[in-house]
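**Student:**
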C-alpha cells in the first residue's frame, strides 16, 4: 500500500502529531510512504489564492491513499482521502477566529465565509475523517468517522483493515 | 455598513446633488457614510462646495496612503462620469483600492482623452484599440478628418464605449439605465445592476402652472450647453415656423462658451422668423429652481445619448412640466404617455409638431405631466436608490474576495505574458467555482 | 536564520535531487539555521498539465522566512523577496531537449505556446531572485544561452563524504547510480563481451523500469558474462553502495550529457578511485581527465573494452590514478562548509 502524507508549513499547530513518527509506523506496518510539504501563509490577501493553488496540484493518481495531516491540505484532490483533525484548530477558519476574533468589517466576514465553504468542499469529499478525541469528533460532527488514540493507532487504521471497514460502515462517534 | 463615497461636490455638480440625495437616504437607513471629494485639486470644479449632509473629506488629503485610509471602510463607492476634472480621484484611487462604481455615463471618451493628457505614456488610441478593437481606431481617423468633436466625441464614439482604463479593477458597477448595462458587463466582466438615478425633486409641493409671459410659453433647456443638447435644433424648429415663434420663447440655463453662445444667438436672429432666445449662463440652485418654476415646458434632448441617466429629465418630470426627450437610451425607460419623444432622423419636424401640440393643448399636456411627477418621485427617489444599492453592495461584498482573486491571477498571467485563452484559465475557473461558489456538495475529489 | 528549501517531488520516487535537498536541510541545520523543506508535487505528463503546476506555485506563499533556497522547476516559481536559486533543473524539455528533438512537449502550435509560457515564467522568476547559482557549467551555459543570464558556479558537494573511503583495491570495476537508457550501463555490459582480460564488473542501483533491469540481465545471459558481471538491481542503502565503491579497483559512469559532475564519479574520487567515462557524458568531463584521474573513451563497446582491459592489467597505474583523482577532487573545495557559506551569504 502506498500512502502519501500531506502537510503544510504554518506556525499555529498546537498538537500536531509528528508526521515523521506516523511515517515510520506506517513503514513498519509495510506501507510505502512519502511526505508532501506545502507552504502556507495566513496572510488574508492570499488565502483564497493559496487554497486554489492546492486544489490545482494533481495527486489524484498518486498512491492508494492521501492523508491530510493539517489544514489546508484537506483541499487537495484524491479519490481516497483521509482527513486528520489533529486538535481543536482543525480548519483554517478556526485559526482565523483564534487569531482575529470576529472582525466586524464586512469584507473580512466575506473572506471567512468563502474560506469555510472551500474547506467544507475539501473535507466532505474525504473518504474518512479521523481525530484524536471525542471532543473534536463531536465538534466536527458527521465529518469524523473514526477516533484514534495515538499515531500508532492511526497508522494501524490507515495501513490495515480498519481503514476499509471504517469506510464501509461509516462508523459513527458516540 | 461603513461607506466611503467618492463624488464631485461643487454647487453645480449634478452628480454631487445625486450623491446628497442618496447619502442622506443611506444615513437614514443607519449606514455611516463619509463623502470624499474627488475633483482634481485646484481645478475650477473644486472651487465651490455644496451643503454638507455628512462628514466630508478631500481625497487629496490622504493621497500619501490611500489603502491605509480606505481600510477603515466596508466598501468604497466611486462615482464616475465623463469628465476628468470632476472624477480625478475616483479614477486614481480606484486603481489602488477597488470598490463599487456608480457609472453615470454610457461611455467615457472625454474622460479618457483628458486622462491621457495627464501622462505622456498614455495614448488615447492605444486604449481605444485595446478596449474597442481596431475598427474603432479606423472610425476615429475617419472622423478626425472633419470635426473631431462633432464627428467623433459627440457622435461615432458612442459606438465604441471605453471603460476599462478607468475601472478595470471594479468590484461591481451600478448603471442608471438598462441600455448600457450589457456593454458594461462585457467590457468589465463584473457584476452589474441597474438602479434608476436618484435626483432631488426641486419642489416637494406641486409647482403652480405658469402663465404665459407676454403671451408666450417658455421652453427651457438645463445644463452646460453643447451641441449634444440639441439647442440648435430647437432654435431652427421654432425659427422655421412663424406660428411657433409666436407661441414660444426659449431660455437656456447653463454654462456656455462665448463662441457657441454667439453662434446660437446668431442662429436665433438671422432667419426670417426671429426666435426669442435668452442665454442665462451658469445658474446656481436657487436660480435653477426659479427658471424651472417659470418654464412651461422643458427640453431634455440629447444626441448622441451618452448619459446613463438624465438629471434634467428627472427635474423636468418632477416639476410637472411637459417634457421633450430624445428617442433611445435611458429615455426609452419612461412611459410614452409621460414625455414627448423626438426621433433624431425627423428631429426638426418632431420638435415642431410637439411644441405646436403643447401650445394648442397646454392645459391637457400639463395634466398629463402631473402623472409623470408622481411616477418619477417614486422611481427616482434617494430612498429607492439607497435600498437597491445596499442590496447590491451586500452581494458585491460577498463576492469581492473571489473577484479580487481573479484579478490577482490575471495579474500573474499578465506578468508572465500568458494569453487569456491559455488552458489553465478554464481549469482555474472551475476550481474557483467549485471551492468558493458551489453550495457544499458531497462531490468526489477524484473526479 | 529561518530558511525554506524548495524542491519538487514525484511522490514515491527518490533521486539525486531529493538526496541533495535532504542533505542541504541537514547541513543548514548543522550550521545553526532553522530550516523547512518544502516538497511540491510535480506532474509533467501530459505536458499541458505544466501550466497549472506553474501557476499553482506562483500562487503559493511562504510566510516568515529570511531566506528561500530553490532548487528545481517549477518549485522555484514560489515567490519570496529573498530567494536564492541553486539551480539543479530548469524544465529542459522547453530548452535544450526541445532543440534536440527529445522533448515531451509536442511540436504543435499548442506545444510551442507552452514552451513560450515556460520561458516567460522562468525569465520573470530569474529577474526577481537575489542570486542564481548553477550546479554545473552546463546549467550555467543553458541560462546564458536561453535567458542571457550570468550565474555563479556552485557544484553540489557529496552528501556523506565520510562514508566513501579508500578501502581495498579489489578486482572489480563498479558502476552505481540509477539504471536506465540514459545512464548506459548496457554499454558497459556490451564492452565486457569484447574484453580480453579477466576484469570484472559490478552494476548496482535501482532500475527506472523493469525493462531497464531486464535488458542488463538479458545481455549478461546472452553473452555468457555471469561469472564476470555481477548485477545487483534494486535500491540499496548508502552504506552498501559506499562499500562497493570503497573496495573497487576503479569506477565507471557513462551517462548521456549529464549536467553535473555526477554523484557516482564524485563518490569514486572521494574513495580514491579513478573513473572510466565517455566523451559525450557532459559534466563528468570536468572531473575525469584522460590518463590523469581516469579514462575518457569513445562511447562504443570496442573502445570501452580496451580501457577496461588496461584498467585491469595495469593495476598499479589504475590505483595511482585513483589517488590522483582524490587529490584533484579535494582541491576543488566542493564541500558543504563552502557551499552553505555561499548560499546564505
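Chains as they are written, first to last, in my numbering: chain Y, 1 to 174; chain G, 1001 to 1447; chain H, 2001 to 2345. Even glycine gets a Cβ: it sits at the ideal position worked out from N, Cα and C.
1. Give the DSSP-derived three-state secondary structure of residue 1003(G) in the structure shown.
2. So residue 1149(G) contacts chain H; which residues on that side make the cut at Cβ distance below 8 Å?
3. Along chain G, which residues have their Cβ under 7 Å away from the Cβ of residue 2051(H)?
4. Helix, strand or coil: how does DSSP classify residue 2089(H) here?
5. Please classify residue 2191(H): does DSSP put it in a helix, a strand, or coil?
6. Among 1398(G), 1311(G), 1406(G) and 1160(G), which has the Cα closest to the Cα of residue 1017(G)?
7. How many angstroms separate the CA atom of residue 171(Y) from the CA atom of residue 1434(G)?
8. Should residue 1433(G) be flagged as near chain H, meaning a C-beta pair shorter than 8 Å?
9. What are the residues of the stretch 38-68 of chain Y that lie near chain G, defined by any Cβ-Cβ distance shorter than 7 Å?
10. Which runs of the alpha helix (DSSP H) spanning at least 4 residues fall entirely within the stretch 1288-1351 of chain G, listed in chain order?
11. Answer yes or no: does any C-beta atom of chain Y fall closer than 8 Å to that of residue 1427(G)?
12. Please classify residue 1188(G): does DSSP put it in a helix, a strand, or coil?
13. With a threshold of 6 Å on Cβ separation, who are the neighbours of residue 1295(G) within its own chain once the five nearest residues in sequence on each side are excluded?
14. Check the Cβ-Cβ distances between residue 83(Y) and every residue of chain G, and say whether any is below 8 Å.
15. Could you work out which residues of chain G lie near residue 93(Y), taking near to mean beta carbons separated by less than 9 Å?
16. Quick one: grab the DSSP three-state call for residue 1252(G).
17. With 16 as the cutoff for other CB atoms within 10 Å, does residue 2053(H) come out buried or exposed?
18. Taking 8 Å as the CB-CB cut-off, is residue 12(Y) touching chain H?
19. Give the single residue among 2085(H), 2209(H), 2059(H) and 2098(H) whose Cα lies nearest to the Cα of residue 2067(H).
20. Anything in chain H within Cβ reach of residue 24(Y), meaning under 7 Å, just list it in chain order.
21. Taking residue 1001(G) as the query, report the chain Y residues whose CB atoms sit under 8 Å from its CB, ordered along the chain.
22. Tell me which same chain residues have a C-beta within less than 6 Å of the C-beta of residue 1447(G), skipping the five on either side of it?
23. Under 7 Å between beta-carbons, which chain G residues line up against residue 111(Y)? List them in chain order, please.
24. Kindly indicate if chain H contains any beta-carbon less than 8 Å away from that of residue 1445(G).
25. Return the first residue and the last residue of the alpha helix (DSSP H) that residue 2144(H) is part of.
26. With a cut-off of 8 Å, does the C-beta of residue 73(Y) fall near any C-beta of chain H?
27. Among 2093(H), 2042(H) and 2170(H), which residue has its Cα nearest to the Cα of residue 2315(H)?
28. Taking just the CA atoms, how far does residue 1247(G) sit from residue 1378(G)?
29. Take residue 1128(G) and list the residues in its own chain whose beta-carbon comes closer than 8 Å to its own, dropping the five residues that flank it on each side.
30. Near residue 1014(G), what residues of its chain come up, given a Cβ to Cβ distance below 6 Å and the 5 sequence neighbours on each side ignored?
31. Tell me which same chain residues have a C-beta within less than 6 Å of the C-beta of residue 1307(G), skipping the five on either side of it?
32. Can you check which of these residues, 1208(G), 1409(G) and 1422(G), is closest to residue 1370(G) by C-alpha distance?
33. Apart from the five residues just before and just after residue 1040(G), which ones in its own chain have a Cβ nearer than 6 Å to its Cβ?
34. Assuming contact is defined by CB atoms lying nearer than 8 Å, are residue 2192(H) and residue 2228(H) in contact in what I supplied?
35. Along chain G, which residues have their Cβ under 7 Å away from the Cβ of residue 2058(H)?
36. Whole angstroms is fine: what's the gap from residue 1344(G)'s alpha carbon to residue 1269(G)'s?
**Tutor:** So, from the listed chains and residues:
1. Residue state, collapsed to three classes: strand.
2. The contacting residues do not exist; residue 1149(G) stays about 43 Å from chain H at best.
3. Near residue 2051(H) (Cβ distances below 7 Å), the residues of chain G are 1422, 1423 and 1424.
4. In this structure, residue 2089(H) counts as strand in the three-state DSSP scheme.
5. In this structure, residue 2191(H) counts as helix in the three-state DSSP scheme.
6. Taking only the C-alpha atoms, the option nearest residue 1017(G) is 1311(G).
7. Its pLDDT being 40, under 50, residue 171(Y) is placed unreliably by the model, and nothing is read from it.
8. Cβ-Cβ to chain H under 8 Å: no for residue 1433(G).
9. Residues are counted here when their Cβ sits less than 7 Å from a Cβ of chain G; for the stretch 38-68 of chain Y these are 48, 49, 51, 52, 55, 56 and 60, given in chain order.
10. If we require 4 residues or more, the alpha helix (DSSP H) runs fully inside the stretch 1288-1351 of chain G come out as 1311-1319.
11. Chain Y contact via Cβ: present.
12. Note: residue 1188(G) maps to helix in three-state DSSP.
13. So the qualifying residues of the chain are 1218, 1220 and 1321.
14. No, residue 83(Y) does not count as interfacial toward chain G.
15. The premise fails here: residue 93(Y) is roughly 13 Å from chain G at the closest Cβ pair, so nothing lies under 9 Å.
16. It is a strand residue.
17. Burial call: buried.
18. With a pLDDT of only 39 at residue 12(Y), under 50, the local geometry of the prediction cannot be trusted, and the value read off the model is given with reservation. So, not an interface residue.
19. The option with the nearest alpha carbon to residue 2067(H) is 2085(H).
20. Below the 7 Å Cβ cutoff, chain H contributes no neighbours of residue 24(Y), its closest Cβ being approximately 16 Å away.
21. Below the 8 Å Cβ cutoff, chain Y contributes 106 as neighbours of residue 1001(G), in chain order.
22. A caution first: residue 1447(G) carries a pLDDT of 33, below 50, which makes its placement in the model unreliable, though a value can still be read off. Counting only Cβ-Cβ distances below 6 Å, and skipping sequence neighbours, we find nothing.
23. For residue 111(Y), the residues of chain G that pass the 7 Å Cβ criterion are 1401, in the order they occur in the chain.
24. Since pLDDT at residue 1445(G) reaches only 39, below the 50 mark, its modelled position is unreliable, and the value read off the structure follows with that caveat. Answer no: the Cβ-Cβ gap between residue 1445(G) and chain H never drops below 8 Å.
25. Counting along the chain, residue 2144(H) sits inside the alpha helix (DSSP H) bounded by residues 2137-2147.
26. With a threshold of 8 Å between beta carbons, residue 73(Y) makes no contact with chain H.
27. When only C-alpha atoms are compared, the closest one is 2170(H).
28. So the two alpha carbons sit approximately 33 Å from each other.
29. Within the same chain, residue 1128(G) has close Cβ partners 1112, 1136, 1137, 1140, 1160 and 1162.
30. So the qualifying residues of the chain are 1311.
31. Taken in chain order, the residues that qualify are 1105.
32. Closest by alpha carbon: 1208(G).
33. Closer than 6 Å at Cβ, skipping near neighbours: 1085 and 1088.
34. In this structure, residue 2192(H) places its C-beta atom within 8 Å of the C-beta atom of residue 2228(H).
35. Scanning chain G for C-beta atoms nearer than 7 Å to the C-beta of residue 2058(H) yields 1412, reported in chain order.
36. A straight line joining the alpha-carbon of residue 1344(G) with that of residue 1269(G) spans about 24 Å.
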